[in-house]
Amino acid sequence: MRVKTKIKSAAALLLALALCLQFSLPVSAAAEADDGAASGVENIVAEFAEKYNLTESNFALGWYDIYSGESWYYGENSWMTAGSMYKLPLAMYYIDKISAGELSLDSQLSGYSIERLLQLTVQYSSNDTAKILSDALSANRAEYRGMIAKYSGLEADELPDSYYWANSISPRFLINTLQYLYEHSEEYSLILDYMKQAHPEQYFRSTQGEYEIAHKYGAYEGAVNDCGIIYTPRPFLLVVFTKYVGYSTTVLGELCAALTEYSLELYEKQLSEPVIDPVTGFCDVSADDYYYDAAVWAVENSIANGTDDIHFSPDEQCTYGQLLTFLWRAAGSPEPLSGDTDQNTKVLQWAYENGLAAFRSSADSIMALPCSRALAVELLWLYAGSPTSSGKTAFTDVPSNCADFVSWATEQQICSGTAAALFSPDEPCTRAQALTFIYRYMTAM
Numbered sequence: 164m165r166v167k168t169k170i171k172s173a174a175a176l177l178l179a180l181a182l183c184l185q186f187s188l189p190v191s192a193a194a195e196a197d198d199g200a201a202s203g204v205e206n207i208v209a210e211f212a213e214k215y216n217l218t219e220s221n222f223a224l225g226w227y228d229i230y231s232g233e234s235w236y237y238g239e240n241s242w243m244t245a246g247s248m249y250k251l252p253l254a255m256y257y258i259d260k261i262s263a264g265e266l267s268l269d270s271q272l273s274g275y276s277i278e279r280l281l282q283l284t285v286q287y288s289s290n291d292t293a294k295i296l297s298d299a300l301s302a303n304r305a306e307y308r309g310m311i312a313k314y315s316g317l318e319a320d321e322l323p324d325s326y327y328w329a330n331s332i333s334p335r336f337l338i339n340t341l342q343y344l345y346e347h348s349e350e351y352s353l354i355l356d357y358m359k360q361a362h363p364e365q366y367f368r369s370t371q372g373e374y375e376i377a378h379k380y381g382a383y384e385g386a387v388n389d390c391g392i393i394y395t396p397r398p399f400l401l402v403v404f405t406k407y408v409g410y411s412t413t414v415l416g417e418l419c420a421a422l423t424e425y426s427l428e429l430y431e432k433q434l435s436e437p438v439i440d441p442v443t444g445f446c447d448v449s450a451d452d453y454y455y456d457a458a459v460w461a462v463e464n465s466i467a468n469g470t471d472d473i474h475f476s477p478d479e480q481c482t483y484g485q486l487l488t489f490l491w492r493a494a495g496s497p498e499p500l501s502g503d504t505d506q507n508t509k510v511l512q513w514a515y516e517n518g519l520a521a522f523r524s525s526a527d528s529i530m531a532l533p534c535s536r537a538l539a540v541e542l543l544w545l546y547a548g549s550p551t552s553s554g555k556t557a558f559t560d561v562p563s564n565c566a567d568f569v570s571w572a573t574e575q576q577i578c579s580g581t582a583a584a585l586f587s588p589d590e591p592c593t594r595a596q597a598l599t600f601i602y603r604y605m606t607a608m
């Protein structure tokens, strides 16, 4: 059963935010604008700050949304007592040594296989086996701690003495480590399996059992913490430190549940948002479309623009002016022999000079005329120099005055019909069709 986030009144939320200011909880500069995903996390954590008297002295948190790349922190660089959470980068370091061929899972240390040592260290959080692993790296504590810090992305001068000698870790250190772990999930699959099996009903997993969680908890002298990957449909990373907080395990579980619910809200919103093709930048163009290569070519070569920032409008009827402009740009945007700087006038003058237009005045009204499939193919044929063809087609709806250019276009595989025996010459020519015709011709030259 999905755990619902407890929603408070607007007045209570304002009070929570005021309390956060009163406590001066440090907020990372990574927090986004008010309308970003991070602002919702800020509101949720503010409620917990009020409810459980959380302050910068007893609480720190890191959150990272894998989908958007947004992060938000309470005490991004607060170095808190880590407990057993240091065992995660320690285990990752050993997987790297195995991947490098320096060790194998069957290699023995103190009578244990490396595989068994990793399981006992990560899944069961054994201090004894963790010490075997760390001592095998270096008997010098500071040296081995420096080794396992590499996943944090922090430079040596960013690590305080307490990291080396007092086992303190910051939210930023662990969020970066979890991000590295997630991005290399296949390499660390064994570690992730152990994390997923660890303490199924405690810490982050105490109130949220619907979605898989890979976590590494830690508890030591009043510190009760957890960090992990929460595999909702929109996965996120979470790190929470508490220190002498009453009901600390409840805080961990409820925070995870509330942020899980929030990630589902973000996912539902995500589904309603347009999916932008990363190559063209448009939401109505995808790699599965017949016109995709033509659209990519048109965008990369500045042949065609979108109808707005994210729409290419492939099914919109192409105008006479748009088709002439596409051809003009494909030709290298040549200057006509005469004409002013207005693009419509310049394009129409160029088209007139090259036999593609019968008029060279009233540019705006002429350019706005609709373009049929027959006209699109005819203009391309004229642009090609009216090459000869068989004049024969398999289409039953092509009139004799269209036979030359339709047969040429089909013989050159520039276009095909709309059905087995139909070319549909009078149907509107879409932007996608027009650019596909031009693309096929230009790339076959």
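In terms of the working numbering, the numbers along the sequence shown are unbroken and rise by one, the last being 608. Think of the CB as a built atom: it goes at the ideal place given N, C-alpha and C, for glycine as much as any other residue. None of these values were measured; they are calculated from a predicted model.
Quick one: what's got a C-beta closer than 7 angstroms to Met255's C-beta in the same chain, skipping five residues either side? As a first step, residue 255 must be located in the sequence shown, where it is residue number 92. Answer for Met255: Tyr314, Leu344, Tyr351 and Ile354, listed in chain order.
Hey, could you find the ends of the beta strand (DSSP E) Lys379 is sitting in? Translated into positions along the sequence shown, residue 379 becomes position 216. Segment Ile376 to Tyr383, the beta strand (DSSP E) holding Lys379.
For my contact list, Gly548 and Ser570 are in at a C-beta cut-off of 8 angstroms; report their separation, rounded to the angstrom. Start at 1 with the first residue of the sequence shown, and residue 548 comes out as number 385. Start at 1 with the first residue of the sequence shown, and residue 570 comes out as number 407. That pair is no contact at about 16 angstroms.
Cβ separation of Ser270 and Ile277, assumed to be a contact under 8 angstroms, to the nearest whole Å: Translated into the one-based positions of the sequence shown, residue 270 becomes position 107. Translated into the one-based positions of the sequence shown, residue 277 becomes position 114. That pair is a contact at about 5 angstroms.
Range of the contiguous alpha helix (DSSP H) that encloses Ile338: Residue 338 sits at position 175 when you count from the first residue of the sequence shown. Taken as a continuous stretch (DSSP letters only), the alpha helix (DSSP H) holding Ile338 covers Pro334 to Glu346.
Exposure label - Ala595; buried when at least 16 CB within 10 Å: Indexing the sequence shown from 1 puts residue 595 at position 432. Its Cβ being crowded by 16 or more others within 10 Å, Ala595 is buried.
Starting from the N-terminal side, write out each stretch of the alpha helix (DSSP H) that is 4 residues or longer and does not extend beyond the segment 191-235. 200-215
On the three-state DSSP scale, how would you describe Gln360? Taking the first residue of the sequence shown as position 1, residue 360 is located at position 197. The answer is helix: DSSP assigns Gln360 an H, G or I state.
In its own chain, which residues sit with a C-beta less than 8 angstroms from the C-beta of Tyr410, not counting the 5 before and 5 after it? Counting from 1 along the sequence shown, the entry for residue 410 is found at position 247. Cβ neighbours of Tyr410 beyond the five flanking positions: Tyr215.
What number of angstroms, rounded off, separates the C-alpha of Tyr327 from the C-alpha of Pro437? For the purposes of this step, residue 327 is taken as the residue at position 164 of the sequence shown. For the purposes of this step, residue 437 is taken as the residue at position 274 of the sequence shown. Taking the straight line joining both Cα atoms gives about 47 angstroms.
Alpha carbon of Ile392 to alpha carbon of Met358, nearest angstrom: In the sequence shown, counting from the first residue as 1, residue 392 sits at position 229. In the sequence shown, counting from the first residue as 1, residue 358 sits at position 195. C-alpha separation (whole angstroms): 9 angstroms.
For a minimum of 4 consecutive residues, which ranges assigned as the alpha helix (DSSP H) are wholly contained in the segment 517-544? 526-530
What are the boundary residues of the alpha helix (DSSP H) that Asn388 is part of? Position 225 of the sequence shown, counted from the first residue, corresponds to residue 388. Note, Asn388: premise wrong, no alpha helix (DSSP H); beta strand (DSSP E) at Ala386 to Ile393.
Using a Cβ-Cβ cutoff of less than 7 angstroms, which residues in the same chain neighbour Tyr227 once the five nearest sequence positions on both sides are dropped? Within the sequence shown, residue 227 is the residue found at index 64, counting from 1. These residues qualify, in order along the chain: Ser234, Ile338, Gln342, Phe399 and Leu400.
Buried or exposed by the 16-neighbour rule on C-beta atoms within 10 Å, applied to Pro128: Residue coverage of the chain in this structure runs from 164 to 608, which leaves residue 128 outside it and unanswerable.
Can you tell me whether Asp589 is buried or exposed, with buried defined as 16 or more other CB within 10 angstroms of its CB? Locating residue 589 in the sequence shown gives position 426, counting from the first residue. Classification for Asp589: exposed.
Figure out for me which residue from Thr244, Gly274 and Thr284 has the closest Cα to the Cα of Tyr257. Along the sequence shown, one-based indexing puts residue 257 at 94. Of the candidates Thr244, Gly274 and Thr284, the one whose C-alpha sits nearest the C-alpha of Tyr257 is Thr284.
Return the CA-CA distance between Ile466 and Ser348, expressed in angstroms with no decimal places. Position 303 of the sequence shown, counting from 1, holds the residue named residue 466. Position 185 of the sequence shown, counting from 1, holds the residue named residue 348. Approximately 41 angstroms, taken between the alpha carbons.
So what does DSSP say about Leu355, is it helix, strand or coil? Within the sequence shown, the letter at position 192 stands for residue 355. The answer is helix: DSSP assigns Leu355 an H, G or I state.
Output the distance between the C-alpha atoms of Tyr602 and Cys534, rounded to the nearest integer angstrom. Start at 1 with the first residue of the sequence shown, and residue 602 comes out as number 439. Start at 1 with the first residue of the sequence shown, and residue 534 comes out as number 371. Using only the alpha carbons, I get a separation of about 17 angstroms.
If you draw a straight line from the C-alpha of Gly469 to the C-alpha of Tyr515, how long is it? As a working mapping, residue 469 is identified with position 306 in the sequence shown. As a working mapping, residue 515 is identified with position 352 in the sequence shown. Answer to the nearest angstrom: the Cα atoms are 26 angstroms apart.
If you scan the segment 259-325 from start to end, which runs of the alpha helix (DSSP H) of 4 or more residues do you find wholly inside it? 277-285, 290-300 and 304-311
Cβ shell of Lys260 (< 7 angstroms), same chain only, five flanking positions each side left out: Walking along the sequence shown from the start, residue 260 turns up at place 97. Contacts found: Leu266.
Where does Pro189 fall in DSSP's three states? Along the sequence shown, one-based indexing puts residue 189 at 26. Any reading at Pro189 must be qualified, since the residue scores a pLDDT of 46, below 50, and its modelled position is unreliable; the value itself is stated next. Residue state, collapsed to three classes: coil.
First and last residue of the uninterrupted beta strand (DSSP E) at Thr593: Counted from its first residue, the sequence shown places residue 593 at position 430. Per DSSP, Thr593 belongs to no beta strand (DSSP E) and is neither H nor E.
In whole angstroms, what is the alpha-carbon distance linking Cys578 and Phe600? Translated into positions along the sequence shown, residue 578 becomes position 415. Translated into positions along the sequence shown, residue 600 becomes position 437. Approximately 6 angstroms, taken between the alpha carbons.
Neighbourhood of Ala572 by C-beta distance below 6 angstroms, restricted to the same chain and skipping five residues each side: Sequence index remark: in the sequence shown, residue 572 carries index 409 (1-based). Here the set comprises Val540 and Cys578.
Do Gly238 and Pro323 count as a contact pair if the criterion is CB distance below 8 angstroms? For this step, residue 323 is matched to residue 160 along the sequence shown. For this step, residue 238 is matched to residue 75 along the sequence shown. It is not a contact, given that the beta carbons lie outside the stated cut-off.
So if DSSP puts Met605 in a beta bridge, which residue, or which two residues, is it bridged to? On the sequence shown, position 442 is the one that residue 605 refers to. DSSP, once it has assigned bridges, lists no residue as partnering Met605.
Taking the alpha carbon of Ala537 as the point to measure from, which residue in Ile529, Ala531 and Phe558 has its own alpha carbon closest? As a working note, residue 537 is residue 374 in the sequence shown. Comparing Cα-Cα distances from Ala537 to each of Ile529, Ala531 and Phe558, the minimum goes to Phe558.
Beta-carbon within less than 7 angstroms of Ser262's beta-carbon, same chain only, minus the 5 sequence neighbours each way: which residues are those? The count along the sequence shown starts at 1 and reaches residue 262 at position 99. Hits under 7 angstroms: Glu350.
Thr609 versus Glu479 - alpha carbon distance: The requested residue 609 does not occur in the structure, where the chain is confined to residues 164 to 608.
When the distance is taken between beta carbons, is Lys379 closer than 8 angstroms to Met248? By one-based count along the sequence shown, residue 248 stands at place 85. By one-based count along the sequence shown, residue 379 stands at place 216. Going by C-beta atoms, Met248 is nearer than 8 angstroms to Lys379.
Compare the Cα-Cα distances from Asp471 to each of Asp447, Glu463 and Gly484 and report the closest residue. Residue 471 sits at position 308 when you count from the first residue of the sequence shown. That would be Asp447, whose Cα lies nearest to the Cα of Asp471.
Within this structure, are the beta carbons of Tyr383 and Thr244 separated by less than 8 angstroms? Along the sequence shown, read from residue 1 onward, the residue named residue 383 stands at position 220. Along the sequence shown, read from residue 1 onward, the residue named residue 244 stands at position 81. Yes, these two residues count as a Cβ contact at 8 angstroms.
Within 10 Å of its beta-carbon, does Ala179 have 16 or more other beta-carbons around it, so buried, or fewer, so exposed? For this step, residue 179 is matched to residue 16 along the sequence shown. At Ala179, the pLDDT of 37 sits below 50, so the modelled position is not reliable and the matter cannot be decided from this model.
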